[in-house]
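Asker: Take my numbering: the last position of the sequence shown gets the number 211, and nothing is skipped along the way.
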Amino acid sequence: KMPPIGDIEAILEPIVSAEILTPKKYIGSIMTLCQKKRGIYKNTQYLSPEKAQLHYDLPLGEIIFDYYDKLKSISSGYASLDYEFKEFEKASLQKLDILIHSEPVDALSTICHADDAYHRGVALCSKLKELIPRQMFEVAIQAALNNRIIARTTVKALKKNVTAKCYGGDITRKRKLWEKQKKGKKRMKMIGKVEVPQEALLAVLQIDND
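(1) Looking only at C-alpha atoms, which of K37, D58, K38, R39 sits nearest to T45?
(2) Below 8 Å, how does it come out for the stretch 135-145 and the stretch 99-111: are there three or more Cβ pairs, yes or no?
(3) With DSSP collapsed to three states, give me the class of S103.
(4) As a quick exercise: from N148, H114, D116, L48, pick the residue whose alpha carbon is nearest that of E104.
(5) In three-state terms, what does DSSP make of V195?
(6) In this structure, does DSSP put D67 in helix, strand or coil?
(7) Hey, out of R39, D83, Q95, V197, whose CA is closest to M3's CA?
(8) In this structure, does DSSP put Y47 in helix, strand or coil?
(9) Using DSSP bridges, identify the partner residues of H56.
(10) Report the residue from E90, G62, K71 whose alpha carbon sits nearest the alpha carbon of A11.
(11) Assuming A204 contacts K128 (C-beta within less than 8 Å), just tell me the rounded distance between them.
(12) Mark Y47 as exposed unless 16 or more other C-beta atoms lie within 10 angstroms of its C-beta, in which case mark it buried.
(13) Could you say if the stretch 65-80 and the stretch 107-119 meet the contact criterion of at least three C-beta pairs nearer than 8 Å?
(14) Between the C-alpha atoms of I6 and A92, what's the straight-line distance to the nearest angstrom?
(15) Along the chain, where does the alpha helix (DSSP H) containing I31 start, and where does it finish?
(16) If distances are taken between C-alpha atoms only, which option among H120, K52, G78, Y42 comes closest to K26?
(17) Restricting to Cα atoms, I'd like to know which of T23, L125, R135 is closest to A80.
(18) Quick check: K87 and S18, are their CB atoms within less than 8 Å of each other?
(19) Which residue from I16, S76, I9 puts its Cα closest to that of L34?
(20) CA-CA distance, Y42 and I112?
(21) To which residues of the same chain is L31 closer than 8 Å at the C-beta, ignoring the five residues directly before and after it?
Put into structure tokens, the structure is as follows:
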């Protein structure tokens with residue numbers, strides 16, 4: 002559990018020394034990927050006219066989930082990665098909390114760099130909106146940093162045609178039914194519990210930094 006921000010003197014993150022072996026034609030794309038992952042360029046060694054080895058310092062947290070998959074994708078499977086722990090460095094990291102129906106979901110909380118927090122919050126809210134099934138009441142999805150909401154979206158409520166059995170033009174009765182439905186949804190909103198599918202819990206691992 003991360004302590005309150007006011008109690009934290011500094012946050013350290015592990016840095017690794019990475020060696021990326023690649024055909025020369027993929028160097029540009031790989032350097033762009035490393036830059037997106039907050040990598041610090043060290044040097045390039047040309048092992049042959051067509052093969053090179055790139056040296057970077059990279060935050061372990063930036064490569065642990067999807068870096069290798071992206072590396073293989075942009076190099077058509079030809080690049081390889083090797084890395085070892087180098088040191089801990091101070092970093093501007095923050096805990097991003099996700100709230101569903103005003104309830105924090107620990108499984109969706111993540112630690113991310115301050116520069117990326119807003120983007121990740123918006124992306125996660127958008128992804129969760131696609132994955133959480135619609136309920137009989139609206140479900141708010143929020144991203145928060147230090148108890149401050151930075152992004153929000155809403156899963157709309159399912160609509161039930163409560164006037165389907167009202168034949169003719171009895172508008173007074175229809176209005177009464179609509180009002181009754183509204184009050185019922187408000188009560189459901191207060192006591193309703195939202196089931197979060199497994200795919201939604203995995204969404205935090207699928208959000209990239211593009």
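For every residue, glycine included, the Cβ atom is placed at its ideal position computed from N, Cα and C.
Answerer: Let me lay it out:
(1) The count along the sequence shown starts at 1 and reaches residue 45 at position 44. The option with the nearest alpha carbon to T45 is D58.
(2) Yes, since at least three Cβ pairs between the stretch 135-145 and the stretch 99-111 fall closer than 8 Å, the two stretches touch.
(3) On the sequence shown, position 102 is the one that residue 103 refers to. If DSSP states are grouped into helix, strand and coil, S103 belongs with coil.
(4) Within the sequence shown, residue 104 is the residue found at index 103, counting from 1. Here the closest residue by C-alpha is N148.
(5) Counting from one through the sequence shown, the residue named residue 195 turns up at place 194. V195: coil per DSSP, three-state reduction.
(6) Counting from one through the sequence shown, the residue named residue 67 turns up at place 66. DSSP places D67 in coil when its eight states are reduced to three.
(7) For the purposes of this step, residue 3 is identified with residue 2 of the sequence shown, where counting begins at 1. Out of R39, D83, Q95, V197, the CA that lies nearest to the CA of M3 is found in Q95.
(8) Here residue 47 refers to the residue found at position 46 when the sequence shown is read from its first residue. Looking at Y47 - three-state DSSP - the assignment turns out to be strand.
(9) As a first step, residue 56 must be located in the sequence shown, where it is residue number 55. Note: H56 sits in a beta bridge opposite E20, N44.
(10) Along the sequence shown, one-based indexing puts residue 11 at 10. The shortest Cα separation from A11 among E90, G62, K71 belongs to E90.
(11) Locating residue 204 in the sequence shown gives position 203, where the first residue counts as 1. Locating residue 128 in the sequence shown gives position 127, where the first residue counts as 1. About 5 Å; that satisfies the 8 Å criterion.
(12) Here residue 47 corresponds to residue number 46 of the sequence shown, with the count starting at 1. The residue is exposed, with fewer than 16 neighbouring Cβ atoms inside 10 Å.
(13) No, they do not touch.
(14) Along the sequence shown, read from residue 1 onward, the residue named residue 6 stands at position 5. Along the sequence shown, read from residue 1 onward, the residue named residue 92 stands at position 91. In a straight line, the C-alpha of I6 is about 14 Å away from that of A92.
(15) If you number the sequence shown from 1, residue 31 lands on position 30. 28-37 is the span of the alpha helix (DSSP H), which, as asked, contains I31.
(16) Walking along the sequence shown from the start, residue 26 turns up at place 25. Measuring from the Cα of K26, the nearest candidate turns out to be K52.
(17) By 1-based counting over the sequence shown, the position of residue 80 is 79. The candidate whose alpha carbon is nearest that of A80 is T23.
(18) One-based indexing of the sequence shown puts residue 87 at position 86. One-based indexing of the sequence shown puts residue 18 at position 17. Yes, Cβ-Cβ distance for K87 and S18 is below 8 Å.
(19) Here residue 34 is taken as the residue at index 33 of the sequence shown, counted from 1. Residue S76 is the option with its Cα nearest to L34.
(20) Here residue 42 refers to the residue found at position 41 of the sequence shown. Here residue 112 refers to the residue found at position 111 of the sequence shown. If I take the Cα positions, the gap works out to 24 Å.
(21) Against the sequence shown, residue 31 aligns to sequence position 30. The question names Leu, yet the displayed sequence has Ile at residue 31. Residues I21, T23, L55, L72, I75, S76, A80 of the same chain have their beta carbon placed closer than 8 Å to that of I31, with the five preceding and five following residues left out of the count.
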